[in-house]
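Novice: Below: one structure in C-alpha coordinates.
Residue numbers (this note's numbering): 23 to 192.
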(Lines of atoms letter the chains of each structure in order from A; the text may use other names.)
(Lines give C-alpha, C1' and ligand atoms only; values in the text may rest on other atoms or scores of the structure.)
Protein backbone atom coordinates (compact mmCIF):
# COMPACT_ATOMS: atom_id res chain seq x y z
CA UNK A 23 0.00 0.00 0.00
CA UNK A 24 1.58 3.26 -1.10
CA UNK A 25 1.16 6.47 0.83
CA UNK A 26 0.92 5.24 4.41
CA UNK A 27 3.58 6.48 6.75
CA UNK A 28 5.86 3.82 8.13
CA UNK A 29 4.91 1.24 5.50
CA UNK A 30 7.71 0.64 3.01
CA UNK A 31 6.92 -0.49 -0.49
CA UNK A 32 9.31 -2.40 -2.70
CA UNK A 33 7.69 -2.17 -6.13
CA UNK A 34 10.54 -1.60 -8.64
CA UNK A 35 8.06 -0.41 -11.26
CA UNK A 36 6.98 2.41 -8.93
CA UNK A 37 10.16 3.96 -7.48
CA UNK A 38 9.88 6.77 -4.94
CA UNK A 39 9.83 10.28 -6.30
CA UNK A 40 13.20 12.04 -6.51
CA UNK A 41 13.22 15.74 -5.76
CA UNK A 42 15.32 18.17 -7.79
CA UNK A 43 18.93 18.96 -6.86
CA UNK A 44 19.24 16.23 -4.25
CA UNK A 45 22.29 14.76 -5.95
CA UNK A 46 25.25 14.11 -3.72
CA UNK A 47 28.53 15.94 -4.13
CA UNK A 48 29.59 19.44 -5.00
CA UNK A 49 27.93 21.32 -7.80
CA UNK A 50 29.44 22.48 -11.06
CA UNK A 51 28.08 24.56 -13.90
CA UNK A 52 28.03 21.44 -16.09
CA UNK A 53 25.71 19.50 -13.75
CA UNK A 54 23.26 22.43 -13.35
CA UNK A 55 24.39 23.30 -9.82
CA UNK A 56 26.83 26.19 -10.31
CA UNK A 57 28.82 27.03 -7.17
CA UNK A 58 28.90 30.56 -5.79
CA UNK A 59 32.04 31.72 -4.00
CA UNK A 60 31.85 34.42 -1.39
CA UNK A 61 34.20 36.51 0.72
CA UNK A 62 33.25 38.87 3.52
CA UNK A 63 35.51 41.45 5.11
CA UNK A 64 35.27 41.12 8.88
CA UNK A 65 36.14 44.77 9.48
CA UNK A 66 34.33 46.35 6.53
CA UNK A 67 31.44 43.94 6.06
CA UNK A 68 31.90 44.14 2.29
CA UNK A 69 30.62 41.07 0.45
CA UNK A 70 31.99 39.73 -2.83
CA UNK A 71 30.03 36.95 -4.53
CA UNK A 72 30.87 35.25 -7.81
CA UNK A 73 29.37 32.30 -9.65
CA UNK A 74 32.17 30.00 -10.80
CA UNK A 75 32.50 26.83 -12.88
CA UNK A 76 33.85 24.59 -10.10
CA UNK A 77 35.30 24.57 -6.57
CA UNK A 78 38.79 23.34 -7.33
CA UNK A 79 41.76 24.79 -5.47
CA UNK A 80 42.88 27.09 -8.30
CA UNK A 81 39.40 28.57 -8.70
CA UNK A 82 39.12 29.26 -4.96
CA UNK A 83 42.65 30.69 -4.81
CA UNK A 84 41.99 33.05 -7.74
CA UNK A 85 38.79 34.31 -6.10
CA UNK A 86 40.43 34.87 -2.71
CA UNK A 87 43.45 36.62 -4.27
CA UNK A 88 41.19 38.89 -6.30
CA UNK A 89 39.10 40.05 -3.34
CA UNK A 90 41.49 40.02 -0.36
CA UNK A 91 44.68 41.87 0.50
CA UNK A 92 48.04 40.13 0.55
CA UNK A 93 48.28 39.90 4.37
CA UNK A 94 44.64 38.98 4.98
CA UNK A 95 43.71 36.22 7.42
CA UNK A 96 41.25 33.76 5.87
CA UNK A 97 38.81 31.66 7.94
CA UNK A 98 37.17 28.61 6.35
CA UNK A 99 35.80 25.18 7.10
CA UNK A 100 37.77 21.99 6.44
CA UNK A 101 37.05 21.57 2.70
CA UNK A 102 40.30 20.34 1.07
CA UNK A 103 40.41 22.90 -1.75
CA UNK A 104 40.88 25.69 0.81
CA UNK A 105 44.36 24.33 1.60
CA UNK A 106 45.75 25.96 -1.57
CA UNK A 107 44.73 29.57 -0.83
CA UNK A 108 48.27 30.88 -0.15
CA UNK A 109 47.02 33.24 2.56
CA UNK A 110 47.22 33.10 6.34
CA UNK A 111 44.53 30.51 6.94
CA UNK A 112 42.67 29.10 9.94
CA UNK A 113 39.95 26.46 9.78
CA UNK A 114 37.15 25.07 11.89
CA UNK A 115 36.39 21.38 11.56
CA UNK A 116 32.60 21.01 11.31
CA UNK A 117 32.87 17.24 10.96
CA UNK A 118 34.27 17.08 14.51
CA UNK A 119 31.58 19.37 15.91
CA UNK A 120 33.77 22.49 15.98
CA UNK A 121 31.95 25.67 14.93
CA UNK A 122 34.17 28.35 16.50
CA UNK A 123 37.55 28.40 18.22
CA UNK A 124 39.50 30.80 20.43
CA UNK A 125 43.15 30.53 19.35
CA UNK A 126 44.71 33.33 21.38
CA UNK A 127 42.96 32.66 24.71
CA UNK A 128 41.26 36.06 25.10
CA UNK A 129 37.77 34.54 25.38
CA UNK A 130 36.65 35.67 21.93
CA UNK A 131 36.16 32.89 19.39
CA UNK A 132 37.68 34.56 16.37
CA UNK A 133 38.12 31.45 14.21
CA UNK A 134 34.71 30.79 12.67
CA UNK A 135 32.90 31.01 9.35
CA UNK A 136 29.50 31.87 10.83
CA UNK A 137 29.44 35.28 9.12
CA UNK A 138 29.66 33.58 5.75
CA UNK A 139 27.09 30.93 6.72
CA UNK A 140 24.68 33.74 7.63
CA UNK A 141 25.33 35.42 4.29
CA UNK A 142 24.51 32.16 2.45
CA UNK A 143 21.24 31.99 4.38
CA UNK A 144 20.48 35.54 3.26
CA UNK A 145 21.23 34.64 -0.36
CA UNK A 146 18.98 31.56 -0.23
CA UNK A 147 16.19 33.64 1.31
CA UNK A 148 16.65 36.23 -1.44
CA UNK A 149 16.46 33.57 -4.19
CA UNK A 150 13.59 31.56 -2.70
CA UNK A 151 10.69 33.66 -4.10
CA UNK A 152 12.07 33.26 -7.64
CA UNK A 153 11.70 29.45 -7.44
CA UNK A 154 14.29 27.77 -9.59
CA UNK A 155 16.50 30.41 -11.15
CA UNK A 156 18.19 29.15 -14.32
CA UNK A 157 21.96 28.74 -14.09
CA UNK A 158 22.24 31.15 -17.04
CA UNK A 159 20.56 33.96 -15.07
CA UNK A 160 21.86 33.10 -11.59
CA UNK A 161 24.89 35.38 -11.98
CA UNK A 162 22.61 38.43 -12.28
CA UNK A 163 20.53 37.51 -9.23
CA UNK A 164 23.71 36.98 -7.19
CA UNK A 165 25.05 40.37 -8.33
CA UNK A 166 21.81 42.08 -7.26
CA UNK A 167 22.00 40.44 -3.84
CA UNK A 168 25.67 41.42 -3.47
CA UNK A 169 24.83 45.03 -4.34
CA UNK A 170 21.92 45.10 -1.90
CA UNK A 171 24.05 43.73 0.95
CA UNK A 172 26.88 46.17 0.24
CA UNK A 173 24.47 49.09 -0.14
CA UNK A 174 24.06 49.11 3.64
CA UNK A 175 27.64 50.35 3.83
CA UNK A 176 27.36 53.15 1.27
CA UNK A 177 29.04 56.38 2.32
CA UNK A 178 28.17 59.97 1.48
CA UNK A 179 31.23 60.15 -0.80
CA UNK A 180 29.94 57.17 -2.77
CA UNK A 181 26.54 58.84 -3.25
CA UNK A 182 28.23 62.04 -4.44
CA UNK A 183 30.37 60.10 -6.91
CA UNK A 184 27.19 58.58 -8.37
CA UNK A 185 25.54 62.00 -8.60
CA UNK A 186 28.62 63.47 -10.31
CA UNK A 187 28.76 60.56 -12.74
CA UNK A 188 25.09 60.98 -13.60
CA UNK A 189 25.14 64.76 -14.07
CA UNK A 190 28.69 64.94 -15.49
CA UNK A 191 29.95 67.36 -12.86
CA UNK A 192 33.68 68.02 -13.06
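Don't be surprised by glycine CBs; every beta carbon is placed ideally from N, CA and C.
Beta-carbon within less than 6 Å of residue 104's beta-carbon, same chain only, minus the 5 sequence neighbours each way: which residues are those?
Specialist: Stepping through the chain shown from its first residue, residue 104 is reached at position 82. Taken in chain order, the residues that qualify are 98.
Novice: By Cβ distance below 6 Å, which residues in the same chain neighbour residue 48 in space, the five residues on each side in sequence not counted?
Specialist: Taking the first residue of the chain shown as 1, we reach residue 48 at position 26. For residue 48, where only same-chain residues beyond five positions count, the Cβ hits under 6 Å are 77.
Novice: From the DSSP output, in three-state form, read off residue 112 for me.
Specialist: For the purposes of this step, residue 112 is taken as residue 90 along the chain shown, with counting starting at 1. Of the three classes helix, strand and coil, the one that applies to residue 112 here is strand, per DSSP.
Novice: Is it right to say residue 173 is buried, meaning 16 or more other beta carbons lie within 10 angstroms of its own, or is it exposed?
Specialist: Your numbering for residue 173 matches position 151 in the chain shown. With fewer than 16 other Cβ atoms within 10 Å, it is exposed.
Novice: Using a 10 Å radius around the Cβ and a threshold of 16 neighbouring Cβ atoms, would you call residue 158 buried or exposed?
Specialist: Counting from 1 along the chain shown, the entry for residue 158 is found at position 136. Per the 10 Å Cβ criterion, exposed.
Novice: My output table needs one value for residue 154: the three-state DSSP class, helix, strand or coil.
Specialist: Taking the first residue of the chain shown as 1, we reach residue 154 at position 132. If DSSP states are grouped into helix, strand and coil, residue 154 belongs with coil.
Novice: Closest by CA to residue 60, which one among 180, 51, 82?
Specialist: Counting from 1 along the chain shown, the entry for residue 60 is found at position 38. The shortest C-alpha separation from residue 60 is found at 82.
Novice: When you compare only the Cα positions, how much space is there between residue 164 and residue 148?
Specialist: Within the chain shown, the letter at position 142 stands for residue 164. Within the chain shown, the letter at position 126 stands for residue 148. Cα-Cα distance, rounded: 9 Å.
Novice: For a minimum of 4 consecutive residues, which ranges assigned as the alpha helix (DSSP H) are wholly contained in the stretch 47–111?
Specialist: As far as the stretch 47–111 is concerned, its whole alpha helix (DSSP H) runs of at least 4 residues are 79–89.
Novice: Within a Cβ cutoff of 8 Å, which residues of the same chain sit near residue 124, ignoring the five residues on either side of it in sequence?
Specialist: By one-based count along the chain shown, residue 124 stands at place 102. Within the same chain, residue 124 has close Cβ partners 130, 131, 132, 133.
Novice: Roughly how many whole angstroms lie between the Cα atoms of residue 122 and residue 32?
Specialist: As a position in the chain shown, residue 122 is number 100, starting the count at 1. As a position in the chain shown, residue 32 is number 10, starting the count at 1. So the alpha carbons of these two residues sit roughly 44 Å apart.
Novice: Taking 7 Å as the limit between beta carbons, can you name the residues of its chain near residue 107, skipping five residues before and five after?
Specialist: Position 85 of the chain shown, counted from the first residue, corresponds to residue 107. Here the set comprises 82, 83, 86, 96.
Novice: Would you kindly report the start and end of the unbroken alpha helix (DSSP H) that includes residue 168?
Specialist: The sequence position of residue 168 within the chain shown is 146, counting from 1. Taken as a continuous stretch (DSSP letters only), the alpha helix (DSSP H) holding residue 168 covers 160–173.
Novice: Using a 10 Å radius around the Cβ and a threshold of 16 neighbouring Cβ atoms, would you call residue 65 buried or exposed?
Specialist: One-based indexing of the chain shown puts residue 65 at position 43. Counting Cβ neighbours within 10 Å, residue 65 comes out exposed, since fewer than 16 surround it.
Novice: Between which two residues does the alpha helix (DSSP H) carrying residue 142 extend?
Specialist: Working through the chain shown from its first residue, we reach residue 142 at position 120. Where residue 142 is concerned, the enclosing alpha helix (DSSP H) stretches over 136–149.
Novice: Taking residue 51 as the reference, which of 161, 166, 186, 115 has the closest Cα?
Specialist: Counted from its first residue, the chain shown places residue 51 at position 29. Here the closest residue by C-alpha is 161.
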